[in-house]
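Before any comments, here is the structure.
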Amino acid sequence: MRLAVASVDRAVAGNLLFGLIVGLLVTVSAHAPAPQLYCPPLPSITTQSAMLKVKKADNACTIADGGYVKTNTSYRLHIAVEITGDCGTSKSECSGLPVVCSCVPSITYIRTLQQSYLRVNGTLRGSVAANPSNDPTIQNYDTETSTNTTSAGASWLTLSEGQFLYTSLTNALATPCNLEPTQFPHDQPVTMHAMACKPEWFTGGSPTVNFHGPPTGTVTIVVPSAAFEDARGPAQQAAADWAAALGRTVTVLPGYNTCAPTDPLCISFKNDQGTQPGDPVGCASFGTASYDPATGVWQGSTSVRFEPKWMGGHADNLRRTIAHEIGHYFGLFNRLDASCTYSNTLMGSTSRYAVQAPASGTALGPTASDEAALPNSTYGNQVRSTCGW
Ligand SMILES: [Zn+2]
152 MRLAVASVDR AVAGNLLFGL IVGLLVTVSA HAPAPQLYCP PLPSITTQSA MLKVKKADNA
212 CTIADGGYVK TNTSYRLHIA VEITGDCGTS KSECSGLPVV CSCVPSITYI RTLQQSYLRV
272 NGTLRGSVAA NPSNDPTIQN YDTETSTNTT SAGASWLTLS EGQFLYTSLT NALATPCNLE
332 PTQFPHDQPV TMHAMACKPE WFTGGSPTVN FHGPPTGTVT IVVPSAAFED ARGPAQQAAA
392 DWAAALGRTV TVLPGYNTCA PTDPLCISFK NDQGTQPGDP VGCASFGTAS YDPATGVWQG
452 STSVRFEPKW MGGHADNLRR TIAHEIGHYF GLFNRLDASC TYSNTLMGST SRYAVQAPAS
512 GTALGPTASD EAALPNSTYG NQVRSTCGW
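Position one of the sequence shown corresponds to residue 152 (the numbering used here), numbered consecutively onward.
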């Protein structure tokens, strides 16, 4: 080293001193802290999702939003929630050569749940306490497990007929830096229809569509000739029943008329049931038209087809039969499930024929089960899922 040289003159000593200072500076700068990266305070950032699910008690099926469930059957509610959050301060961490610094959160909080509240049609039915196992990422509050439930009302539901809207609200436990929000509704409220009779829809095509008449406009039923005069009065009753059920106009034209072949809002009577190859089994049927393959809407006029001997039949039997065939026009199919009876749906078969009066208690017009199946299926190919049958 230069410092080991025994004799030096002033100039050499000056150069040495300069070199030493530069060397020290270089040495010092190589070991100096990296430039501080300014790290701002973290905003309160949370990601959270909360799913409300309704399942049949034996886990056989999960109810789709807008779906149909069987009355007098037990269902349970699940809440699955995932919440995490970063908040507080962030810090600079540096590494590597060249040195790279970045800001990282100093605190990551896993949020846990305090309590969830469940409402049915807006009425509080119960609350679900925090899961004792405190799974940090996903908490499944299975209300089947009584330890997680503070109210029996939320866990097992035996439903009467009607429409139910399930909503819920969840509280998250407070964190030291107060992550927001602390209370939030679940992402997907669940609406479902409880029905006595399993719904069946008149479907076909590829992709599958629900065949049905246009969702708006006056539906007109025409009597083509004097041969069908016995059906006029019953048709007027059937039309009035469907009009009331759907809140739209369904009417029988006075006099004798025919449908324009291209009019999907027109239904006429025919007496050719059972005379054509491939006719469905039965004493009456619904004569279909072509349909829009994208929507299932009839593209031409349709018909109620009777076996000729129907004229002169019992007025109530005619009324029910016409209403049943109009049910096909609107998108319902025959219902053969054991849950369906003569009284809880119009769309089952009948035990009486033509001149006989319907059996006592037989529904002569659309029932609550028939009405409920239509708004969510016929008018837009919406939810057609069922659970509980
Ligand atoms: Zn039928």
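Beta carbons are placed, not taken as given, at the ideal position from N, Cα and C, and that holds for glycine.
C-beta atoms of residue i and residue j nearer than 8 Å
i, j, result
"G218", "M343", "yes"
"M498", "A382", "no"
"K349", "S253", "no"
"A405", "G451", "Sequence inspection shows Pro at residue 405; the Ala mentioned does not correspond to that position. No, these two residues do not count as a Cβ contact at 8 Å."
"A346", "T222", "Reading off the sequence shown, one finds Met at residue 346, where the question assumed Ala. Yes, they are a contact pair."
"T369", "I418", "no"
"N468", "A505", "yes"
"E476", "A435", "yes"
"P459", "N422", "yes"
"Y480", "G364", "yes"
"Y226", "V205", "yes"
Span separating the alpha-carbon of residue i from that of residue j
i, j, result
"S241", "Y189", "9 Å"
"T537", "F457", "32 Å"
"Y317", "N272", "6 Å"
"G355", "N361", "7 Å"
"A385", "H465", "Sequence check: residue 385 is Pro here, not Ala. P385 and H465: Cα-Cα distance of roughly 9 Å."
"A215", "D414", "35 Å"
"A211", "F437", "35 Å"
"A440", "S311", "37 Å"
"F353", "Q387", "24 Å"
"L397", "E351", "18 Å"
"V448", "D488", "26 Å"
"N408", "A378", "12 Å"
"T472", "Y442", "23 Å"
"R470", "V401", "14 Å"
"G433", "T274", "47 Å"
"A424", "S357", "Per the sequence presented here, residue 424 reads as Gln, with Ala not at that position. Each residue's alpha carbon lies about 27 Å from the other."
"A508", "S500", "14 Å"
"L416", "F315", "32 Å"
"T224", "P366", "32 Å"
"T455", "T359", "First, the amino acid is wrong: residue 455 is Val here, not Thr. Near 24 Å, if we compare the C-alpha coordinates of T359 and V455."
"R399", "R535", "22 Å"
"A305", "P192", "Residue confidence is low: A305 scores 39 on pLDDT, short of 50, so the model does not pin down where it sits. Its coordinate-derived value is still stated next. Those two C-alpha atoms are separated by around 41 Å."
"F420", "D209", "47 Å"
"L525", "V403", "22 Å"
Exposure of residue i, with buried meaning 16 or more beta-carbon neighbours within 10 Å
i, result
"S246", "exposed"
"I517", "Per the sequence shown, the amino acid found at residue 517 is Pro instead of Ile. Buried, by the Cβ-count rule."
"N495", "buried"
"V255", "exposed"
"A445", "exposed"
"V220", "buried"
"A389", "buried"
"V341", "buried"
"G313", "exposed"
"S520", "buried"
"P287", "Residue placement at P287 is flagged as unreliable, the pLDDT there being 31, under the threshold of 50; a coordinate-derived value is accordingly withheld."
"L248", "exposed"
"A474", "buried"
"S284", "Because S284 carries a pLDDT of 39, less than 50, the predicted location of this residue cannot be relied on, and no value is offered for it."
"C410", "buried"
"N282", "Model confidence at N282 stands at a pLDDT of 45, short of 50, so the residue's coordinates are unreliable; what they give is reported in the following sentence. Counting Cβ neighbours within 10 Å, N282 comes out buried, since at least 16 surround it."
Expected contact under 8 Å - CB spacing of residue i and residue j to nearest Å
i, j, result
"K207", "G539", "6 Å"
- Counting Cβ pairs, one atom from each stretch, are 3 or more of them under 8 Å apart for the segment 365–378 and the segment 503–514? no
- Does the pairing of the segment 423–440 with the segment 389–408 give three or more beta-carbon distances under 8 Å? no
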